[in-house]
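In this note's numbering, the protein residues as written are 14 to 342. Think of the CB as a built atom: it goes at the ideal place given N, C-alpha and C, for glycine as much as any other residue. From a predicted model like this one, the values you see are computed outputs, not experimental measurements. The structure appears right after this line, and notes come after that.
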């Protein structure tokens, strides 16, 4: 049980460091003249995905690729589940009706990258210098996606700017923002590494006679802990009135997370990482596609004061966790 306690202490540290990172990242983005949605997609998404990057890299180096990949798609599942949390507890109308169609392209690329990841199980033996060709494609496509999303946002006027409440803005100098960014990043990195080791102990130590297994611990516990910064940042963005920043952070994090597959494959020393993965990861990736599709449909057919899509997302997430629990071995 001590491992569980340490796990939640480390998770709390990541929450606080992630919140500080988001504030500093927002300030740096503002000084650079970036739009709020773009700050969410590129700045905050890469920042809040640092825990996923560090823990997945650490898990791979520890010889535990199952936990590394489970963490990625478990985080992506939870990131979309954040929309349900926001809708139920923080938004009067609905999240889908409050965000811009500009986020549709981000959701599309998140789905596209996930589908390409699934191709890795078909072409698992095709590799370049022991790195899967699919992993390399995911890495390159990430930059293509970011470029196209940027051009899409700047070439089309959606006439739906966020209404930022200036009273919620946190005043700090650029020097303070940069220092806070560095300190918080180092905190996330060190805590993320420690979190990986604790999660590995939880996976191999029976709890009340139940052995959770590496894959399930990665997809639920580790994914939940490393996704807490996304939740914290999204709540803060909603309170500021910036729905597009929240959506950009969630979807941008999902795109970034899938790219972590390349990092894990690069660090894996036994050949293509896909050769060591089981059908568990196929199921988790497919389930993340389902919740993304529900979200995209919600944006496409958005109606005021309707939260049906969010409730479906919540139901699918809970069902997904049950299915993955059954498939944990």
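For this session: Name the two residues that bound the continuous alpha helix (DSSP H) containing residue 327.
Result: Position 314 of the chain shown holds residue 327. Residues 321–339.
Exercise. Considering only residues of the same chain and omitting the five flanking positions on each side of residue 152, which have a CB-CB separation below 8 Å?
Worked result: Counting from 1 along the chain shown, the entry for residue 152 is found at position 139. Answer for residue 152: 272, 275, listed in chain order.
For this session: Have a look at the DSSP bridge pairing and note the partners of residue 140.
Result: Here residue 140 is taken as the residue at index 127 of the chain shown, counted from 1. DSSP lists 145 as partners of residue 140.
Exercise. Could you check where the alpha helix (DSSP H) with residue 252 kicks off and where it finishes?
Worked result: As a first step, residue 252 is located in the chain shown; it is residue number 239 there, counting from the start. Counting along the chain, the alpha helix (DSSP H) containing residue 252 begins and ends at 236–252.
For this session: Return the residue from the list 328, 264, 69 that minimises the CA-CA distance to residue 118.
Result: Walking along the chain shown from the start, residue 118 turns up at place 105. Nearest of 328, 264, 69 to residue 118, Cα basis: 264.
Exercise. Can you check whether the CB of residue 80 is closer than 8 Å to the CB of residue 233?
Worked result: As a first step, residue 233 is located in the chain shown; it is residue number 220 there, counting from the start. As a first step, residue 80 is located in the chain shown; it is residue number 67 there, counting from the start. No, these two residues do not count as a Cβ contact at 8 Å.
Exercise. From what residue to what residue does the alpha helix (DSSP H) around residue 117 run?
Worked result: Your numbering for residue 117 matches position 104 in the chain shown. First-last of the alpha helix (DSSP H) with residue 117: 117–132.
Exercise. Between residue 138 and the rest of its own chain, which residues show a CB-CB distance below 8 Å, the 5 nearest in sequence each way excluded?
Worked result: The residue you call residue 138 lines up with position 125 of the chain shown. Excluding positions up to five away in sequence, the list reads 285, 288.
For this session: Answer yes if the region 241–254 comes into contact with the region 24–40, meaning at least three C-beta pairs across the two stretches below 8 Å, and no otherwise.
Result: yes
Exercise. Cβ atoms of residue 94 and residue 330: under 8 Å apart, would you say?
Worked result: What you label residue 330 is simply residue 317 of the chain shown in a count that begins at 1. What you label residue 94 is simply residue 81 of the chain shown in a count that begins at 1. Yes, they are a contact pair.
Problem set entry | 8 Å contact criterion, which residue 314 and residue 326 should meet: CB distance rounded | Here residue 314 refers to the residue found at position 301 of the chain shown. Here residue 326 refers to the residue found at position 313 of the chain shown. Contact doesn't hold; Cβ gap of about 14 Å is too wide.
Problem set entry | residue 31 (DSSP reduced to helix, strand or coil) | Along the chain shown, read from residue 1 onward, the residue named residue 31 stands at position 18. If DSSP states are grouped into helix, strand and coil, residue 31 belongs with the helices.
Exercise. Does the distance from the C-beta atom of residue 127 to that of residue 301 stay below 8 Å?
Worked result: The count along the chain shown starts at 1 and reaches residue 127 at position 114. The count along the chain shown starts at 1 and reaches residue 301 at position 288. Yes, these two residues count as a Cβ contact at 8 Å.
For this session: Look at the Cβ atom of residue 16, then the Cβ atom of residue 150, and state whether they are nearer than 8 Å.
Result: The residue you call residue 16 lines up with position 3 of the chain shown. The residue you call residue 150 lines up with position 137 of the chain shown. Taking the C-beta atoms as reference points, residue 150 is found no nearer than 8 Å to residue 16.
For this session: Report yes if the C-beta of residue 96 is less than 7 Å from at least one heavy atom of the ligand SAM; otherwise report no.
Result: No copy of the ligand SAM occurs in the structure displayed, which carries no ligand at all.
Problem set entry | C-alpha distance - residue 192 paired with residue 91, whole-angstrom precision | The residue labelled residue 192 in the question sits at position 179 within the chain shown. The residue labelled residue 91 in the question sits at position 78 within the chain shown. Each residue's alpha carbon lies about 30 Å from the other.
For this session: Can you grab the Cα-Cα spacing for the pair residue 60 / residue 134, in whole Å?
Result: Here residue 60 corresponds to residue number 47 of the chain shown, with the count starting at 1. Here residue 134 corresponds to residue number 121 of the chain shown, with the count starting at 1. Whole-angstrom Cα-Cα distance: 29 Å.
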